[in-house]
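Remarks on the structure that follows.
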Amino acid sequence: MPHKGSCHCGATQFEIDFTPETATRCNCSFCTKRGALWIYGAPDQFRLLTPMEKNARYSPTWEENRHYFCATCGCTTFSDNPDYSVFATDPENAEAQFDPTKRRISVNLWLLDDFDIEAVPVEQVDGRSGW
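Encoded structure:
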């Protein structure tokens, strides 16, 4: 059963085809300023239900990091990034494993509608030191 989500004003609406088991709170400058709790899925597990034009994009580091937010109310909505999870499995050899064509969707957990957000355990990530 898909879970629906939306920004504050409703201009950005989406569905995810997975139930988050954990969320990530990262302390890097981007995540702390945006105030998001991230959940992750494969690109085919995410469907944007409203036109992409309702979103604005921000790519502070390089073009392959695609961070979106509602162009009307400003809520951080989702990101389409390379799958950086290889860094967690082998940080010494991450560059050899990194493939920017393998994508991962990050969704702001706070935006899920009718979902018990408090039931999802939150993992802390030290992005301030690790990026």
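Residue numbers (my numbering): 205 to 335.
Backbone N, C-alpha and C fix where the C-beta goes; we use that ideal spot for every residue, glycine too.
- Minimum Cα-Cα distance from Thr223 among the listed residues Val324, Cys235, Asp330 corresponds to Val324.
- Taking 8 Å as the upper bound for CB-CB distance, Thr254 and Thr280 are not in contact here, some 16 Å apart.
- The C-alpha of Leu313 is placed about 11 Å away from the C-alpha of Lys208.
- Leu252 places its beta carbon 8 Å or farther from that of Val326.
- Distance from the CA of Thr228 to the CA of Thr236, rounded to the nearest whole angstrom, comes to 12 Å.
- DSSP places Lys237 in the uninterrupted alpha helix (DSSP H) bounded by 233 to 238.
- Taken through DSSP and simplified to helix, strand or coil, Glu225 comes out as coil.
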